[in-house]
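My numbering numbers the first residue of the sequence shown as -8 and each following residue consecutively.
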Amino acid sequence: MAGAAAAVVGISTDGSDALCDFAQSLGLPYDLASDRSGAVRRLYDVRRRFGLGTSRFTYVVDDAGVIRSVYHNEFVMKSHARSALEALEALRNGRV
-8 MAGAAAAVVG ISTDGSDALC DFAQSLGLPY DLASDRSGAV RRLYDVRRRF
42 GLGTSRFTYV VDDAGVIRSV YHNEFVMKSH ARSALEALEA LRNGRV
């Protein structure tokens, strides 16, 4: 998201130590936050169908805290970044 005037934060219910190890092993260029209590997950209603754990969602939230884009895809992880960049471009051009 470099140059997109946006911050990227990955949120997981894993603990901080596990997230730190995960980020280091993959060399992730963004921050990860631990949501051990599941409060953020519940706030954004992130869950899999049939109660099978959490799901992968990408949200674009504007400076006022308004969700401008929601993207869900369990299988093509790169599509999350592409969708977020498209949403950011739309925001920048006043289309959202």
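Glycine included, every Cβ here is placed at the ideal spot set by N, Cα and C. On a predicted model such as this, the values are computed, not experimentally measured, just so you know.
Sheet register partners of residue i (DSSP bridge)
| i | result |
| --- | --- |
| Tyr62 | Thr49 |
| Leu23 | Gly1 |
Buried or exposed by the 16-neighbour rule on C-beta atoms within 10 Å, applied to residue i
| i | result |
| --- | --- |
| Val51 | buried |
| Leu79 | buried |
| Val57 | exposed |
| Val67 | exposed |
| Val0 | exposed |
Limits of the unbroken alpha helix (DSSP H) element including residue i
| i | result |
| --- | --- |
| Ser8 | The displayed chain sequence assigns Asp, not Ser, to residue 8. Unbroken alpha helix (DSSP H) run through Asp8: Ser7 to Leu17. |
Cβ neighbours of residue i in the same chain (closer than 7 angstroms, five flanking residues each side left out)
| i | result |
| --- | --- |
| Ser25 | Ser3, Asp5, Gly6, Ser7 and Leu10 |
Reduced DSSP category for residue i - H, G, I as helix; E, B as strand; rest coil
| i | result |
| --- | --- |
| Ser28 | coil |
| Arg86 | coil |
| Arg33 | helix |
| Arg73 | helix |
Cutoff 8 angstroms; reference residue i; Cβ partners in own chain excluding five residues on either side
| i | result |
| --- | --- |
| Leu19 | Gly1 and Phe13 |
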